[in-house]
Amino acid sequence: SVVDSISLKDNPPFGIAINNNTQTVYTTNTRSNSVSAIDIRSGKLLATITHGGEKSHTREVLVDEKNNLVYVSDVGDPSSIWVIDGKTNKYLHSLENLGKTVTGMVFAPGTTDKLYVAVMSDNAIAKIDTKTRKVEKTFPSGGEAPVNIASDGKHLFVANQKSGTITVLDDNGKM
(Lines of atoms letter the chains of each structure in order from A and count residues from 1; the text may use other names and numbers.)
(Lines give C-alpha, C1' and ligand atoms only; values in the text may rest on other atoms or scores of the structure.)
Protein backbone atom coordinates (compact mmCIF):
# COMPACT_ATOMS: atom_id res chain seq x y z
CA SER A 1 0.00 0.00 0.00
CA VAL A 2 1.05 3.60 -0.57
CA VAL A 3 2.69 5.06 2.55
CA ASP A 4 3.09 8.62 1.33
CA SER A 5 3.30 10.71 -1.83
CA ILE A 6 5.31 13.76 -2.82
CA SER A 7 3.73 15.95 -5.48
CA LEU A 8 6.01 17.01 -8.32
CA LYS A 9 3.30 18.05 -10.80
CA ASP A 10 5.27 21.11 -11.97
CA ASN A 11 8.35 18.99 -12.70
CA PRO A 12 7.31 15.37 -13.34
CA PRO A 13 10.20 13.06 -12.36
CA PHE A 14 12.02 10.62 -14.64
CA GLY A 15 15.25 9.38 -13.01
CA ILE A 16 15.55 8.98 -9.25
CA ALA A 17 18.35 8.46 -6.70
CA ILE A 18 18.70 8.85 -2.95
CA ASN A 19 21.49 10.19 -0.79
CA ASN A 20 20.93 8.14 2.38
CA ASN A 21 23.43 10.23 4.34
CA THR A 22 21.60 13.52 3.78
CA GLN A 23 18.12 11.97 3.38
CA THR A 24 17.68 13.77 0.07
CA VAL A 25 16.01 12.30 -2.98
CA TYR A 26 17.02 13.63 -6.41
CA THR A 27 14.85 13.38 -9.52
CA THR A 28 15.62 14.30 -13.08
CA ASN A 29 12.83 16.27 -14.68
CA THR A 30 13.14 15.63 -18.39
CA ARG A 31 10.25 17.89 -19.41
CA SER A 32 11.66 20.94 -17.60
CA ASN A 33 15.36 20.03 -18.08
CA SER A 34 16.05 20.27 -14.38
CA VAL A 35 16.78 18.28 -11.23
CA SER A 36 14.72 18.38 -8.02
CA ALA A 37 16.24 17.92 -4.56
CA ILE A 38 13.63 16.82 -2.01
CA ASP A 39 13.97 16.31 1.74
CA ILE A 40 12.77 12.75 2.41
CA ARG A 41 11.61 13.42 5.97
CA SER A 42 9.39 16.44 5.21
CA GLY A 43 8.69 15.90 1.50
CA LYS A 44 9.70 19.53 0.97
CA LEU A 45 11.28 20.62 -2.29
CA LEU A 46 14.74 21.91 -1.34
CA ALA A 47 15.86 23.08 -4.77
CA THR A 48 15.20 22.94 -8.48
CA ILE A 49 18.59 22.78 -10.17
CA THR A 50 19.45 23.77 -13.74
CA HIS A 51 22.84 24.01 -15.43
CA GLY A 52 22.36 27.52 -16.77
CA GLY A 53 22.36 26.58 -20.44
CA GLU A 54 19.46 26.97 -22.82
CA LYS A 55 19.13 23.33 -23.83
CA SER A 56 19.39 20.15 -21.85
CA HIS A 57 17.61 16.82 -21.51
CA THR A 58 18.15 15.37 -18.04
CA ARG A 59 17.83 11.59 -17.90
CA GLU A 60 19.47 9.49 -15.16
CA VAL A 61 20.83 10.49 -11.75
CA LEU A 62 23.52 8.88 -9.58
CA VAL A 63 24.57 9.89 -6.06
CA ASP A 64 28.13 9.80 -4.68
CA GLU A 65 27.34 9.73 -0.94
CA LYS A 66 31.01 9.74 0.09
CA ASN A 67 31.73 13.08 -1.59
CA ASN A 68 28.14 14.40 -1.48
CA LEU A 69 28.00 14.86 -5.25
CA VAL A 70 25.18 14.16 -7.69
CA TYR A 71 25.76 13.11 -11.32
CA VAL A 72 23.06 13.70 -13.94
CA SER A 73 23.17 12.53 -17.54
CA ASP A 74 22.22 15.27 -20.00
CA VAL A 75 21.27 13.51 -23.24
CA GLY A 76 22.24 15.27 -26.43
CA ASP A 77 24.70 15.52 -29.27
CA PRO A 78 27.11 15.87 -27.66
CA SER A 79 25.99 14.67 -24.24
CA SER A 80 27.36 15.73 -20.89
CA ILE A 81 27.04 14.84 -17.23
CA TRP A 82 26.18 17.51 -14.70
CA VAL A 83 27.93 17.47 -11.35
CA ILE A 84 25.87 18.94 -8.51
CA ASP A 85 27.08 19.81 -5.01
CA GLY A 86 24.85 17.82 -2.65
CA LYS A 87 25.48 20.22 0.23
CA THR A 88 24.30 23.37 -1.56
CA ASN A 89 22.22 21.65 -4.28
CA LYS A 90 23.85 23.84 -6.90
CA TYR A 91 25.29 22.95 -10.29
CA LEU A 92 29.13 22.81 -10.15
CA HIS A 93 30.30 21.83 -13.65
CA SER A 94 29.79 19.29 -16.43
CA LEU A 95 31.81 16.37 -17.71
CA GLU A 96 31.97 17.07 -21.45
CA ASN A 97 32.81 15.39 -24.77
CA LEU A 98 31.16 12.08 -23.91
CA GLY A 99 29.58 11.20 -27.24
CA LYS A 100 25.99 11.23 -28.47
CA THR A 101 23.08 10.21 -26.23
CA VAL A 102 24.66 9.38 -22.85
CA THR A 103 22.05 7.77 -20.61
CA GLY A 104 22.78 5.31 -17.76
CA MET A 105 25.68 5.58 -15.30
CA VAL A 106 27.37 3.45 -12.64
CA PHE A 107 30.48 3.90 -10.51
CA ALA A 108 33.38 1.49 -10.91
CA PRO A 109 33.41 -0.98 -8.01
CA GLY A 110 34.95 0.42 -4.83
CA THR A 111 35.45 3.96 -6.11
CA THR A 112 33.61 7.11 -7.07
CA ASP A 113 36.61 8.34 -9.08
CA LYS A 114 35.67 6.23 -12.10
CA LEU A 115 32.30 6.38 -13.80
CA TYR A 116 31.00 4.11 -16.56
CA VAL A 117 28.34 5.58 -18.85
CA ALA A 118 26.20 4.10 -21.61
CA VAL A 119 26.63 6.00 -24.89
CA MET A 120 23.50 4.91 -26.74
CA SER A 121 24.13 6.32 -30.22
CA ASP A 122 27.71 5.04 -30.32
CA ASN A 123 26.84 1.53 -29.01
CA ALA A 124 29.59 2.07 -26.47
CA ILE A 125 30.54 2.37 -22.83
CA ALA A 126 32.78 5.25 -21.76
CA LYS A 127 34.94 5.12 -18.62
CA ILE A 128 35.37 8.58 -17.12
CA ASP A 129 37.80 9.79 -14.48
CA THR A 130 35.66 12.09 -12.32
CA LYS A 131 38.72 13.85 -10.88
CA THR A 132 40.34 14.80 -14.21
CA ARG A 133 36.93 15.06 -15.95
CA LYS A 134 38.30 13.10 -18.92
CA VAL A 135 37.20 9.98 -20.78
CA GLU A 136 39.86 7.33 -20.07
CA LYS A 137 38.61 4.80 -22.58
CA THR A 138 35.64 3.81 -24.69
CA PHE A 139 34.70 0.26 -25.65
CA PRO A 140 31.78 -1.51 -27.40
CA SER A 141 28.69 -2.25 -25.31
CA GLY A 142 28.22 -5.64 -26.96
CA GLY A 143 24.76 -4.68 -28.24
CA GLU A 144 22.77 -1.98 -29.97
CA ALA A 145 21.57 1.17 -28.17
CA PRO A 146 22.94 0.66 -24.65
CA VAL A 147 20.56 2.55 -22.41
CA ASN A 148 21.48 1.56 -18.86
CA ILE A 149 24.31 -0.02 -16.93
CA ALA A 150 24.81 -1.75 -13.57
CA SER A 151 27.69 -3.47 -11.77
CA ASP A 152 27.95 -6.38 -9.36
CA GLY A 153 31.47 -5.35 -8.35
CA LYS A 154 33.12 -7.64 -10.92
CA HIS A 155 31.19 -7.13 -14.13
CA LEU A 156 29.25 -4.48 -16.01
CA PHE A 157 25.72 -5.41 -17.03
CA VAL A 158 24.53 -3.38 -20.01
CA ALA A 159 20.88 -3.15 -21.11
CA ASN A 160 20.89 -2.80 -24.90
CA GLN A 161 17.51 -1.40 -25.93
CA LYS A 162 17.56 -1.95 -29.69
CA SER A 163 19.09 -5.43 -29.70
CA GLY A 164 16.98 -6.51 -26.71
CA THR A 165 19.95 -7.96 -24.84
CA ILE A 166 21.89 -7.60 -21.64
CA THR A 167 25.61 -7.95 -22.17
CA VAL A 168 28.03 -8.83 -19.40
CA LEU A 169 31.44 -7.16 -19.68
CA ASP A 170 34.52 -6.86 -17.52
CA ASP A 171 35.72 -3.34 -16.70
CA ASN A 172 37.90 -3.36 -19.82
CA GLY A 173 34.98 -4.10 -22.13
CA LYS A 174 35.62 -7.81 -22.66
CA MET A 175 32.64 -10.18 -22.79
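Each residue of the sequence shown is one higher than the one before, starting from 1 at the first, in this note's numbering.
For glycine and all other residues, C-beta sits at the position ideal for the given N, C-alpha and C.
query	result
Rounded to whole angstroms, what is the Cα-Cα separation between Ala124 and Phe139?	5 Å
Could I get the ranges of all uninterrupted beta strand (DSSP E) runs contained in the segment 66-102, with 3 residues as the minimum, in chain order?	69-74, 80-85 and 90-95
Measuring only the C-alpha atoms, how far is Asp113 from Asp129?	6 Å
Have a look at Arg133, Asp85 and Lys87 and flag the residue whose alpha-carbon is nearest the alpha-carbon of Leu98.	Arg133
May I ask which residues mark the beginning and end of the beta strand (DSSP E) holding Asn19?	Ile16 to Asn19
Considering only residues of the same chain and omitting the five flanking positions on each side of Lys9, which have a CB-CB separation below 7 Å?	none
By the 10 Å Cβ neighbour count, where 16 or more other Cβ atoms means buried, how is Glu136 classified, buried or exposed?	exposed
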